[in-house]
Amino acid sequence: MGSVRYIVRASIIAGIYAALTYFLRPISYGPLQVRVAEALTLLPLIESSAVPGLFVGCFLANLLGGLGPWDVYGGSFITLFAAYLTSKMPNPFLGAIPPIILNALGVSYYLSLLYDMPYILTAAYIAVGEIIAVGFIGIPMLLFIERTGLRRYFDKAR
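Okay, so the sequence shown: first residue is 738 according to our numbering, each after it adds one.
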């Protein structure tokens with residue numbers, strides 16, 4: 738029964754990530770982006786199923802984004818690695834570092850090629866978008882979950 742619950746939770750997270758990204762697509766794709774769904778990248782701190790959920794959600798969102806295999810596979814695996822690293826962090830402030838840094842360095846690489854933009858400029862744009870999504874939306878979201886007792890609805894395997 739535990740594995741069914743894990744899959745359902747991962748699926749819900751994937752669906753929320755993909756839906757948020759798709760419905761906010763004007764600001765979710767391209768070199769200048771604030772992917773609001775990236776706020777969810779802090780969930781691995783409190784929910785084990787968030788790691789695969791974020792990977793699948795990002796895969797689906799990038800599949801719908803139209804930027805091709807670089808984004809579908811590259812972006813999804815960067816998200817998977819960032820989610821795994823975040824799951825090992827002790828708090829939301831340190832947990833925000835992997836998605837911000839890995840997206841700024843990795844996603845900006847292929848976006849700079851796809852959009853024929855300087856890598857450094859693209860990395861700066863992606864970093865700012867990640868800081869907004871993860872730092873200014875994700876951290877307050879996670880602190881809200883922790884401080885209001887909603888934490889009991891999440892499950893982090895230790």
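Heads up, the beta-carbon is just placed ideally off N, CA and C, and yes, glycines get one too.
When secondary structure is reduced to three states using DSSP, T758 falls in the helix class. Taking C-beta separations shorter than 6 Å and ignoring five residues to either side along the sequence, the partners of R746 in its chain run S786, following chain order. In this structure, V773 lies away from A841, with their beta-carbon atoms at least 8 Å apart. Annotation: the continuous alpha helix (DSSP H) that includes V865 extends over Y856 to E867.
Taking the Cα of T778 as reference, the smallest distance to any Cα among S849, L879 and Y759 is reached at L879. Nearest C-alpha to V793 among G811, R889, L831 and P829: G811. Between the segment 748 to 765 and the segment 827 to 844, the count of C-beta pairs closer than 8 Å stays below three; the two stretches do not touch. For P836, the enclosing alpha helix (DSSP H) begins and ends at I834 to L839.
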